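Here the sequence shown stands for residues -15 to -1, 1 to 479, numbered as in mature numbering (1 follows the signal peptide of the UniProt record, and there is no 0).
Where is the CB? At the ideal position from N, CA and C, for every residue including glycine.
As the structure is a prediction and not an experimental result, all values here were calculated from the model.
Below you'll find the structure, written out as structure tokens, and then a few comments.
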Amino acid sequence: MFASVFVLILGLCYSSQENSQPVLGRPTLSGPSVVLAGTVEDFECELQVYPKNETILLQLYKVGHHEEVLAEYTLLSEEVAFFPKVVKLELEGNLECMAKAQNNSEIEPTVSSPHYLKVIVPVENPNVFISSGLQEFFAGRTLDLRCNVTSGNHVDYTWLLNGRPVSLTPRHKAVEGQLLITSTTSEDSGVYMCVATNYYNVTEFFTFNSSEIIIRVKDPVSKPDISFNVSKDGSIYYAMVTCQSMRGTPPVNFTLFNGTAQIDSLTAHETKATFRVSLVLGQHLGQLQCKARNENRTVESEWIPLEVVPVRGPVTLQYDSDLGEDYAVIGLRLYCKAAKGTHPQYQWFLNETLIQEQGSFSSMVHEPRQSVLLLSVGGSSAGTYRCEVSDSFDNITAISSRGLYLDREVLNRLPLMVVVVVFGSFMTVILVVSVCCCYGVLFSGARRWSEEKWHMRMSWMCQSTRRMLTWCRQLGEETLIRPLKTLWMSGPKF
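This is how it looks when you write it as structure tokens:
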């Protein structure tokens, strides 16, 4: 029995050995991860498990491209195969090593895990190309710049404007070798350059600067302002008309019109032009307008009358005031205005001494039709004020206002007539209230109450009247005197 079992086991073992096939282990591929194109590098493929009586072939492929064998090695007694390769850019990607029995197709081939290889081609000769077309254009268009290199991969691009890195904003976008600027303004004008860099490792890299390219973004001319001053040459007067735009890239062409008739035209290398037009004082000579143009944009100014009226009197002087917490006057504004005159100039005097534009207690604001003198009330500001008005183009004749004396005491004094009116009204109110109260007491006491009750009622009414008089005096002070004083001090004075 035992012998039969032993024979059966030996038979099974022999049968198993006859039917078993040789097995290949999985190879391991190693080598550099980053290499420079053109260098020679070694890749190692190691196979530890394989049948010793078989010839094993190790082959190097790119993943997914088994039709092209990059290198191969017949494994004899060693366990490691070396694949020396001259690295080209085409080698970049995932590599794998395949092991297979060279003379036994029944043994299944095995493949290593992928090994990624990055191939660096040094960058050379970057060049800026204007994809949007024009180097000079008006604001609002899109600027599209491309940085092209003759060779190089894995390149980082840096854009410079006038030697400084371009700040990336929602309008400024940099993607790969492209710089895209939308809704351009004149601030986007300047010298552009791209810097192309690629890195082999932390310490070794390649960088090149492109040539410079000049971009000019022009501002369209804005609506011009028109004004004129008057000049005198002997006995002839001229209007010096100024047309000025706040924005616009020169050259700008300015044209002056009187109505529909063109007076003059010139091209300026700034945003301002001046024209000279003959004048006759006191006559309306038409309506002036100027037009400004750069490239295809033309804008027009408002119309202004061409008329110069000499200064004529009378010259009026008035003022209003600012009050402090105690209702005292602390500041004044004096206004000087001539009855006629389109181009007046003003002078202020204190005690016949010319006041400077900016003094220790005063300052001036000259408006088109009047001049304002701002004063702080104090000892140094007391005195007689007056102003003189003359033509800005001919100050031979000056017209003066009357003098106005001002000091702190005068400003804070109420006129006698105001006092009489206020207190007269106040006493009238008190008298009417008193008469009404007494009449009511007498009338009601005589008819309804006894004598004792009448005396008590009379005493109470008198006390009430005294309290009412006190209240009326306080009320008059708060509601009549102070407001009237405020109104008097803040109103215009002539």
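Fill in: C-beta contact flag for G162 and Y142 at 8 Å
yes
Worksheet item: Helix or strand or just coil, what does DSSP make of R32?
Response: As written in the sequence, residue 32 is Leu, which differs from the Arg given in the question. Looking at L32 - three-state DSSP - the assignment turns out to be coil, as it is neither helix nor strand.
Discussion item. Short of 7 Å in beta carbon distance, which residues of its chain neighbour F190, apart from the five on each side in sequence? Order them along the chain.
Written reply: Around F190: T182, N183, Y184.
Fill in: Helix, strand or coil at E75 according to DSSP, with G and I counted as helix
helix
Fill in: Euclidean distance between Cα positions of T192 and T154
25 Å
Practice prompt. Return helix, strand or coil for E352, following the three-state DSSP convention.
Written response: coil
Worksheet item: Distance, Cα to Cα, L76 vs T40?
Response: 28 Å
Worksheet item: Can you tell me the Cα-Cα spacing of Q332 and S377, whole angstroms?
Response: 11 Å
Worksheet entry | Beta-carbon spacing of A383, V374 below 8 Å | If you check the CB distance, A383 and V374 come in under 8 Å.
Worksheet item: Cα separation between S174 and V113?
Response: The straight-line gap from Cα to Cα measures roughly 16 Å.
Fill in: Span of the beta strand (DSSP E), counted from its first residue to its last, around residue 496
The displayed coordinates of the chain run from -15 to 479. Any statement about residue 496 would go beyond what the structure contains.
Worksheet entry | Residue range of the beta strand (DSSP E) that includes E337 | Run containing E337: none; DSSP gives neither H nor E here.
Discussion item. Considering only DSSP beta bridges, list what D27 is partnered with.
Written reply: P69
Practice prompt. Taking only the alpha-carbon atoms, compute the straight-line gap between K73 and A22 and give it to the nearest angstrom.
Written response: Straight through space, the alpha carbons of A22 and K73 are spaced by roughly 5 Å.
Worksheet item: Applying the criterion that 16 or more other CB atoms from any shown protein chain within 10 Å of the CB defines a buried residue, is residue 523 buried or exposed?
Response: Only positions -15 to 479 of the chain appear in this structure, which leaves residue 523 out of reach.
Discussion item. Please give the ranges of any beta strand (DSSP E) in the region 174 to 234, keeping only runs that are unbroken, at least 3 residues long and fully inside the region.
Written reply: 175 to 184, 190 to 194, 198 to 203, 210 to 218, 221 to 229
Worksheet item: Comparing alpha-carbon positions, which option in V65, K85, V357 lies nearest R318?
Response: V357
Worksheet entry | Option nearest Y177 by Cα separation, candidates S195, V160, G244, S136 | S195
Item to complete: Note the first and the last residue of the continuous beta strand (DSSP E) segment covering F123.
Response: 121 to 123
Worksheet item: Looking at the unbroken beta strand (DSSP E) that takes in E57, where does it start and where does it end?
Response: 56 to 60
Worksheet item: Given S90, which residues of its chain have a CB within under 8 Å of its CB, disregarding the five upstream and five downstream residues?
Response: Excluding the 5 residues flanking it on each side, S90 has no same chain C-beta neighbour closer than 8 Å.
Discussion item. Quick check on E373: does DSSP put it in helix, strand or coil?
Written reply: strand
Discussion item. Quick check on E172: does DSSP put it in helix, strand or coil?
Written reply: helix
Discussion item. Does the contact criterion of 3 or more C-beta pairs under 8 Å hold for the region 40 to 54 versus the region 130 to 149?
Written reply: no
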